[in-house]
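*Asks:* Below you'll find the structure I mean.
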Amino acid sequence: MVAQTIAWALLLACLAPACAQGLSPPWWVTYDMFQAALRSDRCLNISELAPLPRTTEFRFNVSVCADASEDKLVGLATFLTVRYDFGGQLFSSKVLDSRGKAVRPIVVKDGEHAMKLAGAALQGNHYFERTAVSSPLPCIDYYWVVFKPEIVQIWVDNLADLWGNMNLLAADLFARVFRLEQFGVRATTLKFRDMALQPEAQVLQVAAAADGTAGGSASGGDRPQRSSEASHAQQPDEQQQQQQQQQQQQQQQQQQQQQQQQQQQQQQQQQQQQQPLSLQTTAGYEQQDAALVAALWQHWQEQQLLRQGLQPAAASSSRQLLAATAEAGAAATPAGSLQGSGGWRTAAKCWALRLAKRMGGDAAVLRAQRWVL
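According to the working numbering, the sequence shown holds residues 53 to 425 in order.
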C-alpha cells in the first residue's frame with residue numbers, strides 16, 4: 053500500500069510541470085506552419101516570433117535576398133502579409149527586402165493575376181512545381197498552383213499524433229499559409245507518374261540504390277537531386293567528369309526550354325491584351341444570354357405543366373418561338389461550343405456564372421462556382 057502511494061506521488065510530481073506549462077498557443081502553431089513552408093527557399097530568412105512592446109501582438113518578418121526579382125517581392129508581400137486575431141491575441145507578419153524596408157502588398161485583379169503572383173513568389177521553393185489552368189466548363193477557368201507529392205511534418209504538442217506531428221501535403225500547407233483560395237487560386241498535387249518521368253527521379257533512384265534504401269521521395273524537405281559517394285568512388289575520374297558534363301548540358305537545355313515557353317506565353321498574353329473585344333462579340337454574348345434565359349423559362353414552364361398532369365402546348369408566342377429556336381440551335385451546335393456537349397444544363401451553368409460576374413464580380417463568381425459545379 054505504501055509502495056503504491058509513493059508511485060502515485062512520483063507520477064503526479066512528474067506530470068505537474070507539464071500541466072503547469074500547458075500546450076503551445078495557436079499563434080505558435082501558425083508560425084511553425086510558415087516556417088515549414090518557407091524554409092526550403094534559400095532566398096528567404098524567417099525571423100523569430102516575438103511580442104511587440106506595449107501591445108498584445110506577436111510578429112515575425114520574412115526577409116528576401118537581394119537577388120530576388122520585383123515580381124517575387126510583390127508576390128510574397130501580397131500572400132504573406134497577414135494579421136490574425138486569436139481571441140484578442142494578434143498575430144502578424146511582414147515581408148522585408150534586402151535593405152530591411154517593408155514591401156507593400158498589391159490588390160489582386162483576378163484569379164489569373166493571383167496565379168502569376170503565386171508562381172513568382174514560389175520560384176526557388178523546393179515544393180513548388182508549376183502553375184496551370186483548367187476549364188471544366190467552356191465559360192469558366194480554374195487557376196492552379198501545382199506542388200510536389202511530398203509530406204511536410206510539423207511538430208505540434210496537441211496529442212493528436214503518436215509522435216507529436218501534424219502531417220500535411222505540401223499543397224495543403226501552402227494553401228493555408230498563402231491563403232490561395234481567398235485569391236481565386238487552388239492548390240493541387242503533382243501526380244506520381246508525372247513525377248517519375250522527370251530527370252530528377254532517375255538521380256534519386258540511383259542515389260537510393262547506392263545507399264541501400266528502397267527509393268522514394270526525399271524526406272525532411274531535402275532536394276532530391278543528390279548522388280552517392282560510394283557509386284562515384286567506383287568509377288574513374290573521366291567517367292565522373294563526363295557524367296557531370298552531361299547533367300549540366302541537360303540542365304541547361306531544360307532551362308532554355310523553360311525560358312522559351314515563358315517567352316511564348318508572354319507574347320500570347322500581349323497579343324490577347326492588344327486585341328479588344330469587338331462589338332459583334334459583345335452583341336453575340338448578349339444574344340446568347342437572351343436565348344439561354346428563354347430556354348430556361350420554357351423548361352421551367354414545361355416542368356410545371358408536367359407536374360400538374362398537363363401536356364405543354366406547341367410554340368406559338370414570340371417568347372416560346374425564341375425558346376424553340378434556342379433549343380434547336382443548341383441541338384445543332386457542335387460539342388466544343390458554348391451550348392454543346394452538355395445541352396441546356398451546361399448553357400445554364402455558363403449563363404449563371406456570367407450573371408454572377410456582372411452582378412458581384414470575381415468574388416460572386418467564386419461563390420457561384422461552388423454552387424454550379
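All C-beta atoms in this analysis are idealised placements derived from N, C-alpha and C, irrespective of residue type, glycine included.
1) Evaluate alanine 154 with the Cβ neighbour count: other Cβ atoms within 10 Å of its Cβ, from every protein chain shown; 16 or more gives buried, anything less gives exposed.
2) When the distance is taken between beta carbons, is methionine 85 closer than 7 angstroms to valine 6?
3) Starting from the N-terminal side, write out each stretch of the beta strand (DSSP E) that is 3 residues or longer and does not extend beyond the region 159-199.
4) In terms of residues, what are the limits of the beta strand (DSSP E) holding lysine 146?
5) Grab the span of the beta strand (DSSP E) containing glutamine 234 for me, first residue to last.
6) Once DSSP output is grouped into helix, strand and coil, what is the label at valine 208?
7) Under 8 angstroms, with one C-beta from each stretch per pair, do the region 184-203 and the region 102-114 reach the 3-pair mark?
8) Got a sec? Which residues, its chain only, sit under 7 angstroms from valine 134 by beta carbon, not counting five neighbours each side?
9) Considering only DSSP beta bridges, list what methionine 218 is partnered with.
10) Contact between the region 114-124 and the region 201-220 is defined here as three or more beta-carbon pairs at a separation below 8 angstroms; is this criterion met?
11) Is it buried or exposed, serine 150, if we count other Cβ atoms within 10 angstroms and call 16 or more buried?
12) Check whether the Cβ atoms of alanine 170 and valine 126 lie closer than 7 angstroms to each other.
13) Going residue by residue through the region 68-118, where are the continuous beta strand (DSSP E) segments of at least 3 residues, counting only ones entirely within it?
14) Within 10 angstroms of the Cβ of glutamate 181, are there 16 or more other Cβ atoms? Answer buried if so, exposed if not.
15) When you compare each of Gln310, Thr107 and Ala416 to glycine 140 by their alpha carbons, which one comes out closest?
16) Per DSSP, which one or two residues make a beta bridge with phenylalanine 138?
17) Is any heavy atom in the ligand GDP found nearer than 6 angstroms to the beta carbon of threonine 398?
18) What span of residues does the alpha helix (DSSP H) with glycine 127 cover, start to end?
19) Once the 5 residues before and after glutamine 87 are set aside, which same chain residues still bring their CB inside 7 angstroms of it?
20) Based on Cα-Cα distance, which residue from Leu407, Leu232, Val185 and Ala173 lies nearest to alanine 129?
21) I'd like the list of long-range same chain contacts for valine 81, defined as Cβ closer than 7 angstroms, with 5 residues on each side in sequence excluded.
22) Looking only at its chain, what residues have a beta carbon closer than 7 angstroms to the beta carbon of glutamate 233, apart from the 5 residues adjacent to it on each side?
23) Give me the Cβ distance between tyrosine 195 and alanine 222, rounded to the nearest whole Å; I'm assuming they're in contact under 8 angstroms.
*Replies:* Let's see:
1) By the Cβ neighbour-count rule, alanine 154 is exposed, with fewer than 16 other Cβ atoms within 10 Å of its own.
2) The chain is shown only over 53 to 425; residue 6 falls outside these bounds and no answer can be derived.
3) 180-189 and 192-199
4) 141-148
5) Per DSSP, glutamine 234 belongs to no beta strand (DSSP E) and is neither H nor E.
6) In the structure shown, valine 208 sits in coil (DSSP, three-state: anything other than H, G, I, E or B).
7) Counting Cβ pairs under 8 angstroms, fewer than three are found: no touch.
8) Ser144 and Ser145
9) Ile206
10) They do not touch, by the three-pair rule.
11) exposed
12) no
13) 96-98 and 109-116
14) Taking a 10 Å sphere around the C-beta of glutamate 181, we find 16 or more other C-beta atoms and assign the residue as buried.
15) Out of Gln310, Thr107 and Ala416, Thr107 has the C-alpha closest to the C-alpha of glycine 140.
16) Gln141
17) Among the components of this structure there are no ligands whatsoever, and the ligand GDP is therefore not found.
18) Per DSSP, glycine 127 is one residue of the alpha helix (DSSP H) stretching across 122-132.
19) Ile98
20) For the set Leu407, Leu232, Val185 and Ala173, the Cα lying nearest the Cα of alanine 129 is the one of Ala173.
21) Val208
22) Correct list, in chain order: Ala227.
23) Not confirmed; about 18 angstroms, so no contact.
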